[in-house]
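Residue numbers (UniProt numbering): 1 to 344.
Inspection log for the structure reproduced underneath, given as structure tokens.
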Amino acid sequence: MKSGYLSLRNLSKQFGKQVALQDIQLDINKHEFICLLGPSGCGKTTLLRVLAGLEKADRGILTLAGKDITAVPAGKRNFGMMFQSYALFPNLSVSENIAYGLRDRLSKAQIADRVDELLGLVELDEQRHKVPAQLSGGQQQRVALARALAFSPDCLLLDEPLSALDAKVRIKLRREICRLHQQFGMTTVMVTHDQEEALTMADRIVVMNKARIIQVGTPKEVYEQPNSPFVADFIGAVSFIETVKDSQDNGVLAIRPEHVHLVREGQEKGKPAIVRELEYRGTHYRLVAELLDHQDTSLQQFITMDVPAKVMMGLDVKLNQKIIFTLPAEHIIRFDSMAELSVV
């Protein structure tokens, strides 16, 4: 197996009897933006801390550019780390927080130049003399990011950096992190439980569950070609339809809401259902419908569909109304069973 710039081989970690990481194998390319995505307790933050040198793996090897750094302490790894809480020094100004890690590396003049450069990059030049308590959450996040970038790290490690921010600020700073990643060209590994963050920011997503890596792929691959019901269900909305035994589609079918087509009854052959939930979402409506057989008997299964507002206006769909829908073959995902759906 060809090693990546940052390579993890057979990493395992336990806290007492609790398995935090189990046989982690991962290669991260230079300049790549990786998102570790998974539910709470899946091991993603532990993995980030092992990368940073803040936790020691029980087994396994970690290499950077071909050099074994498994036993290298955190302070000598040249990794920038941004914590979920930002961990700013409350009594230091913005400039002093950014300069803190540079004191033993650069001269005073070089530090001043570097701080000026970073303040410009994160657009905080006018806030340089303020202390963290005088800043908004988004501004504190920018200071923490600038501090992590200050010494030009080989890798930038981000532990859910946007989780404490409101929705609009999150979107703005999401773009900011991507811009800085591209500008600096550093290798970035970010932990998140937010599927939208992972889909919009990552070059590749590492989906984790129960201390293991479940799937690694581009955002498009993990969304459109999930390798298990768990991945399909965890990343975006999806409906699972259990098929009739001995039918042509034996097993479980999965489909995303935006791929379900609502059609006029009699106009096109499709499957019948009854609308049980109806939500207006601006550009579209989200429907949850109860599946029927061809005698209009409930199958005790449900499907979610996103229908464009214009289509809904034309069909005049209401709650408890019978509808007809189709599932385009090219968008159907097939699984043998639902056995791997469990999140915990």
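Even for Gly, the Cβ is constructed at its ideal location relative to N, Cα and C.
Scanning its chain for C-beta atoms nearer than 8 Å, with the 5 sequence neighbours on each side dropped, one finds around GLN195 the residues LEU37, PHE234, ILE235 and GLY236, in chain order. Per DSSP, the continuous beta strand (DSSP E) segment holding GLN215 begins and ends at 212-217.
In this structure, THR46 sits away from LYS17, with a CB-CB distance that is not shorter than 7 Å. LEU149: not part of any beta strand (DSSP E); member of the alpha helix (DSSP H) spanning 137-149, first to last residue. Secondary structure at LEU21: strand, using DSSP grouped into helix, strand and coil. Under the three-state reduction of DSSP output, ASN209 falls in the strand class.
As the crow flies, the alpha-carbon of LYS322 is around 42 Å from that of ILE213. Of all alpha-carbon atoms in LEU158, LEU199 and THR304, the one lying nearest the alpha-carbon of ALA52 is that of LEU158.
Between LEU145 and THR188, the gap from beta carbon to beta carbon reaches 7 Å or more. Inter-residue distance for THR63 and TYR5 is about 8 Å (C-alpha atoms, whole angstroms). Within the DSSP secondary-structure output, GLY80 pairs in a beta bridge with LEU156.
ASP27 and PHE33 have their alpha carbons spaced roughly 12 Å apart. In terms of CA proximity to ARG256, THR304 leads the group ILE274, LEU292 and THR304.
A straight-line Cα-Cα distance of about 19 Å links ALA57 and GLY66. Secondary structure note for THR200: its alpha helix (DSSP H) is the uninterrupted segment 195-201. Annotation note: the segment 273-341 contains the following uninterrupted beta strand (DSSP E) runs of length 3 or greater, listed N- to C-terminal: 284-292, 298-308, 322-326 and 333-335. Contact holds between the segment 120-138 and the segment 91-107, because three or more Cβ pairs, one in each stretch, are under 8 Å apart. Setting aside the 5 residues that flank it on each side, ALA198 is surrounded in the same chain by CYS35, LEU37, THR192 and ILE205, each with a C-beta closer than 6 Å to its C-beta; the list follows chain order. Under the three-state reduction of DSSP, THR46 is assigned to helix. With contacts defined as CB atoms closer than 7 Å, GLY138 and LEU165 qualify as a contacting pair. According to DSSP, LYS271 shares a beta bridge with PHE325.
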